[in-house]
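A.B. asks: This is the structure I have questions about; it appears just below.
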Amino acid sequence: MATTFVWGRVLFGIELPIEHPVLFAISIPAAILSIGALGFLIAVAFARYRSAWALGSMTEYPIWLICGFLVPLTLLPDWVRPISWALAPTWGMRAIRESATGGSPLPDAALCLALGAAYVAIGIALMDTVLRAARHKASLSLT
Numbered sequence: 028m029a030t031t032f033v034w035g036r037v038l039f040g041i042e043l044p045i046e047h048p049v050l051f052a053i054s055i056p057a058a059i060l061s062i063g064a065l066g067f068l069i070a071v072a073f074a075r076y077r078s079a080w081a082l083g084s085m086t087e088y089p090i091w092l093i094c095g096f097l098v099p100l101t102l103l104p105d106w107v108r109p110i111s112w113a114l115a116p117t118w119g120m121r122a123i124r125e126s127a128t129g130g131s132p133l134p135d136a137a138l139c140l141a142l143g144a145a146y147v148a149i150g151i152a153l154m155d156t157v158l159r160a161a162r163h164k165a166s167l168s169l170t
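Letter by letter, the sequence shown follows residues 28 to 170 in the numbering used here.
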């Protein structure tokens, strides 16, 4: 992100004013942690499949799209919005955007972190279930 800011400023003369720099600095780790938590949940959910890497890669781009990283959510169909509300990175992006434009990012950052914590809790519970089933059936292929 820092590199993008530097390249945009140095090469293209783009100035990005940030209204609340401290809140911006809080919003970025919240978004990063939520992305990691979602990745953990996806990794645990696909761990038993031999093609887990392909399934994970297949879900990556749609998640970026639905969370508003690639295009604004307002450009997507209305039925996509409720899906995006369940994804923590959506709220992380909103927190970053709000802190840069002068809004209040704290509710969005808090929801982002809460959903991320829920992903971790679900992932831990799911991991326990997956590992128990794999041990019982001796079916976890690591190659």
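Just so you know, even glycine gets a beta-carbon here, dropped at the ideal spot from N, CA and C.
Measuring CA to CA, which of A161, L50, P104 is closest to I123?
C.D. replies: Considering only alpha carbons, the answer is L50.
A.B. asks: Is it true that the CB of G129 sits closer than 7 angstroms to the CB of E42?
C.D. replies: Cβ distance not < 7 angstroms, so E42 and G129 don't count as in contact.
A.B. asks: Please classify Y76 as buried or exposed, where buried requires at least 16 neighbouring CB atoms within 10 angstroms.
C.D. replies: By the neighbour-count rule (16 or more Cβ atoms within 10 Å), Y76 is not buried but exposed.
A.B. asks: In whole angstroms, what separates the C-alpha of K164 from that of D155?
C.D. replies: Each residue's Cα considered, the two are about 14 angstroms apart.
A.B. asks: Less than 7 angstroms between the C-beta atoms of A64 and G143, yes or no?
C.D. replies: Yes, Cβ-Cβ distance for A64 and G143 is below 7 angstroms.
A.B. asks: Can you name, in chain order, every residue of its own chain whose Cβ lies under 6 angstroms from the Cβ of A79, other than the five neighbours on each side?
C.D. replies: The answer, listed in chain order, is F73.
A.B. asks: Pick out whichever of W91, I69, R162 has its Cα sitting closest to the Cα of A81.
C.D. replies: Selected option, being the one with the closest Cα: I69.
A.B. asks: Is the separation between the beta-carbon of G83 and that of T117 shorter than 7 angstroms?
C.D. replies: Result no, Cβ atoms of G83 and T117 do not sit closer than 7 angstroms.
A.B. asks: Would DSSP call V75 helix, strand or coil?
C.D. replies: For the sequence presented, residue 75 should be read as Arg rather than Val. R75 falls in the coil class under three-state DSSP.
A.B. asks: Compare the beta carbon distance of L97 and W91 with 7 angstroms and say whether it is the shorter of the two.
C.D. replies: Contact: yes.
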